[in-house]
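Residue numbers (our numbering): 267 to 539.
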């Protein structure tokens, strides 16, 4: 047992040092000490989600009210469809107030502003708290949540507070089918990989991945990098992307990293002329 513990500690140190080195090459990529502490601690998914534009203290009152309300009903969670519906609707009653693109998880906790990423994060944290079998689904331009119960699957679409809990099984299949990938050429795939979540709709699909809460935190940084790049803030975009890559080095994150690295290299060449 002691030997196993020593090996685990050694592995954690190796991972910590590797991430620290990757994120601190040259100029620091961290906005604040609070962000650095949350990212490098790698403690819980909620810490990684709170790291984007981190604050020394985040007001958790509404989220705590929500969990208190659901905790009182948790002894009936074996009525899966009913309890998952409670998770969905109470989340919108207490925390998910106003849809706003590119809202951070901290803004969701404090002001109720949310998008598909931060909204799915709240739902995912609650489903994890109560031990449900769930998936967070990443697509080209959207994120949503699936809950599995034996032969049934439920959709939790955070951006639709009234109709986003989908329980009819035919409707569930139809909803999922909309996001399933279809064959497309490489140029369309490249455009999808360099697009932000919640930015477009109606494009052909290339991405349909089941991801963890931790990986969702990486997507939050990726989305923020896209936002800053579109606003002409390439330096900030690069910093955010490094953090996204440290958490979740997916194909789309790596594609954007290669793209920005190429732009940076070309800019340096022009500057030397």
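Beta carbons: idealized from backbone N, C-alpha and C, even for Gly.
Test item: CB-CB of residue i and residue j under 8 Å
i           : j           : result
residue 383 : residue 485 : yes
residue 375 : residue 427 : no
residue 509 : residue 324 : no
residue 479 : residue 392 : no
residue 415 : residue 346 : yes
residue 411 : residue 429 : no
residue 396 : residue 343 : yes
residue 499 : residue 526 : no
residue 300 : residue 321 : yes
residue 483 : residue 442 : no
residue 399 : residue 413 : yes
Boundaries of the alpha helix (DSSP H) in which residue i is found, first to last residue
i           : result
residue 404 : From DSSP, residue 404 is part of no alpha helix (DSSP H) but of the beta strand (DSSP E) over 399 to 405.
residue 420 : Note, residue 420: premise wrong, no alpha helix (DSSP H); beta strand (DSSP E) at 418 to 422.
residue 506 : 500 to 513
residue 435 : 435 to 445
residue 320 : Here residue 320 belongs to no alpha helix (DSSP H), and DSSP marks it neither H nor E.
residue 521 : 517 to 538
residue 386 : 382 to 395
residue 341 : That residue, residue 341, is in no alpha helix (DSSP H); it is neither H nor E in DSSP.
residue 303 : 299 to 307
First through last residue of the beta strand (DSSP E) which encompasses residue i
i           : result
residue 553 : Beyond the ends of the chain as shown, which are 267 and 539, falls residue 553; an answer cannot be given.
residue 415 : 409 to 415
Local Cβ density within 10 Å of residue i, reported as buried at 16 or more and exposed below that
i           : result
residue 504 : buried
residue 409 : buried
residue 518 : buried
residue 474 : exposed
residue 368 : buried
residue 496 : exposed
residue 530 : exposed
residue 274 : Because the pLDDT of residue 274 is 36, which lies under 50, any placement of that residue in the model is unreliable, and the question is left without a value.
residue 305 : buried
residue 536 : exposed
residue 298 : exposed
Cut-off 8 Å between Cβ atoms - residues of its own chain near residue i, not counting five sequence neighbours on either side
i           : result
residue 310 : none
residue 307 : 313
residue 339 : 349 and 352
residue 578 : In the structure as shown, the chain starts at 267 and stops at 539, and residue 578 therefore has no counterpart that could be examined.
Residues of its chain near residue i, where Cβ-Cβ distance is below 7 Å and the 5 sequence neighbours each way are ignored
i           : result
residue 331 : 360
residue 276 : Residue confidence for residue 276 is low, a pLDDT of 39 falling below 50, so the modelled location carries little weight; the figure read from the coordinates is stated next. Around residue 276: no qualifying Cβ.
residue 371 : 315, 316, 318, 384, 387 and 486
residue 523 : 507 and 511
Close-in-space but distant-in-sequence residues of the same chain around residue i (CB under 6 Å, 5 per side omitted)
i           : result
residue 438 : 419, 421 and 432
residue 477 : 402 and 404
residue 502 : 494
### Query
Taking one C-beta from the stretch 422 to 441 and one from the stretch 353 to 362 each time, how about it: are there three or more such pairs within less than 8 Å?
yes
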